[in-house]
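Notes to accompany the following structure.
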Amino acid sequence: MSNCSDKIFSPIGTNCVMWVMAIFMPPVVIFGLLGNSLSFIILKDSSRKVSSFFYIRCLTIFDSLSLILTMLGFYMTLVIHPMLISNERYRNISYIINQWGTCQTKTYLAFSCRTMSIWTIVVFTLERLVCVKFPIISMKVCTIRNAKITVVILVIVSLLSSIDWIFSFEKVLCKKYNLYVCKPKQNMLKFRILEMLMLSVVPALIIIVSNIIIVLTLRQRRRLSLVAYEEPKNKKRDNKITIQLLAVSTTFTLLTIPQCISVIINTRHEQLKLTDNRQGHLANFYHLTFLLFTLNFAINFVLYCFIGHNFRNAALNIILCRFRQMRQLRRAIFETVSNDTRHTTVSKLSTKRNSQIYNSDHKYIPNNDLPKEKFPPLIENESYI
Numbered sequence: 004m005s006n007c008s009d010k011i012f013s014p015i016g017t018n019c020v021m022w023v024m025a026i027f028m029p030p031v032v033i034f035g036l037l038g039n040s041l042s043f044i045i046l047k048d049s050s051r052k053v054s055s056f057f058y059i060r061c062l063t064i065f066d067s068l069s070l071i072l073t074m075l076g077f078y079m080t081l082v083i084h085p086m087l088i089s090n091e092r093y094r095n096i097s098y099i100i101n102q103w104g105t106c107q108t109k110t111y112l113a114f115s116c117r118t119m120s121i122w123t124i125v126v127f128t129l130e131r132l133v134c135v136k137f138p139i140i141s142m143k144v145c146t147i148r149n150a151k152i153t154v155v156i157l158v159i160v161s162l163l164s165s166i167d168w169i170f171s172f173e174k175v176l177c178k179k180y181n182l183y184v185c186k187p188k189q190n191m192l193k194f195r196i197l198e199m200l201m202l203s204v205v206p207a208l209i210i211i212v213s214n215i216i217i218v219l220t221l222r223q224r225r226r227l228s229l230v231a232y233e234e235p236k237n238k239k240r241d242n243k244i245t246i247q248l249l250a251v252s253t254t255f256t257l258l259t260i261p262q263c264i265s266v267i268i269n270t271r272h273e274q275l276k277l278t279d280n281r282q283g284h285l286a287n288f289y290h291l292t293f294l295l296f297t298l299n300f301a302i303n304f305v306l307y308c309f310i311g312h313n314f315r316n317a318a319l320n321i322i323l324c325r326f327r328q329m330r331q332l333r334r335a336i337f338e339t340v341s342n343d344t345r346h347t348t349v350s351k352l353s354t355k356r357n358s359q360i361y362n363s364d365h366k367y368i369p370n371n372d373l374p375k376e377k378f379p380p381l382i383e384n385e386s387y388i
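If you read the sequence shown in the working numbering, its first letter stands for residue 4, the second for the next number, and so on.
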């Protein structure tokens, strides 16, 4: 059994920051669990037919698991443990949460669920990119069957890629307080930065680049001469799409990148055998960025409510126990998508056909005169919620 003083310590912030973490973390987790549960219920019908909604529904599950494991693992280790380690009554709790295998399992499951959650957003974003940029291909690729296969593969890869965390923690004795604690080993430093890059920087870059391409594609489509013949509701819908894409990418980046920076700083200090990161401003920064990172798993419900009128009303009806109205709105969400999502395919194909007609006959035929029944419905994204 190793000595506690030989191990890597988690940063301990000032009393003010530690109390902020202790007070605000539970409400964030509870709010996130409630919001994810409401999202799971509201998207029940749509997720069976639309791949985009299926990804969102899976995301609510992964986010909820991440929040639960954050409370059971990181919250107890980073917040409660440093605050109560000298309390005699804490010894029994510490004995339970730091049993051999318990700490390793919680850490492994927490990082696995985080990976599932974050990369579900990436996969979902890439699907929207295919739908907007390559609408014909998306009709074959963006299906419920392929979405289910993708999620299964994502879960397996996440579980396998996070298995190294099982061997990165061990039970050690703190002689100062005469109790055992779960501390990370030195070998954790070898892949800690890489792990955070894969959970923050790389996903953020993919999401930002994909959303930029989507926004530029939508703007280019509006600049075409055919756009003048579109109905106002189509333009309004495209504006919602742009707002949603920017909201998702900006929120994810703002909430995850600071934690990645903090982890890199702390890891570098541990590699250089420095200790100034364990207290003071760097420790405060570590805890506050961790709170933001946790908020990332709880805030999607707010984004859905802010952007989606039907989704917002459905959530309100659930809270007010108006389940009949909620079911009607839930069906309306799916029906709106089914009746209105052929816009992308029709617009793009019609542009090509109109261009050909104009070049051959020197006569312009508007988009409304084209036979739309030949084009099957296409699910572009979740902006209709």
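Beta carbons: idealized from backbone N, C-alpha and C, even for Gly. The model shown is predicted, which means the values in this text are computed figures rather than measured ones.
Taking each of Pro206, Asn316, Ser50 in turn and checking the Cα distance to Cys145, the smallest one comes out for Ser50. Inclusion of Ser265 and Phe300 in the CB contact set at 8 Å is not warranted, their separation being larger than that value. Straight across, the Cα-Cα distance linking Leu219 with Ala317 is about 32 Å. Between the alpha carbons of Asn320 and Phe304 lies a gap of roughly 15 Å. Inter-segment contact for the segment 203-212 and the segment 116-127 is present: three or more beta-carbon pairs are separated by less than 8 Å.
Annotation: the continuous alpha helix (DSSP H) that includes Leu112 extends over 105-136. Around Ile15, the same chain offers Met21, Pro85, Arg281, Gln282, Ala286 as residues with beta carbons nearer than 8 Å, after the five sequence neighbours per side are excluded.
Taking a C-beta distance under 8 Å as the contact criterion, Leu306 and Thr253 do not qualify as a contact pair.
Counted as a single uninterrupted DSSP element, the alpha helix (DSSP H) harbouring Trp22 occupies residues 18-45. Ser171 is positioned such that its CB atom lies no closer than 8 Å to that of Gln262. Nearest Cα to Tyr78 within the set Cys106, Lys52, Thr63: Cys106.
Between Val133 and Ser120, the C-beta spacing is not below 8 Å. Taking the C-beta atoms as reference points, Thr292 is found no nearer than 8 Å to Leu192. Nearest neighbour of Leu197 by Cα position, chosen from Trp168, Asp48, Arg222, Leu298, turns out to be Trp168.
Membership of Val218 in the alpha helix (DSSP H) is indicated by the continuous run 205-226. Annotated three-state conformation of Val175 is strand, per DSSP.
In the displayed model, Pro261 falls within a helix according to three-state DSSP. Per DSSP, the unbroken alpha helix (DSSP H) holding Ser67 starts and ends at 54-72. By the 16-neighbour rule on beta-carbons within 10 angstroms, His290 is buried. According to DSSP, Pro14 shares a beta bridge with no other residue.
In the DSSP assignment, Cys145 falls outside any alpha helix (DSSP H), carrying neither H nor E. Residue burial is scored here from C-beta neighbours: Leu275 has fewer than 16 other C-beta atoms within 10 angstroms and is therefore classed as exposed. In this structure, the straight-line span from the alpha carbon of Pro187 to that of Glu173 is close to 6 Å.
Contact annotation: Thr63 and Phe43 have beta-carbon atoms nearer than 8 Å.
According to the DSSP assignment, Asn287 belongs to the alpha helix (DSSP H) that extends over 284-298.
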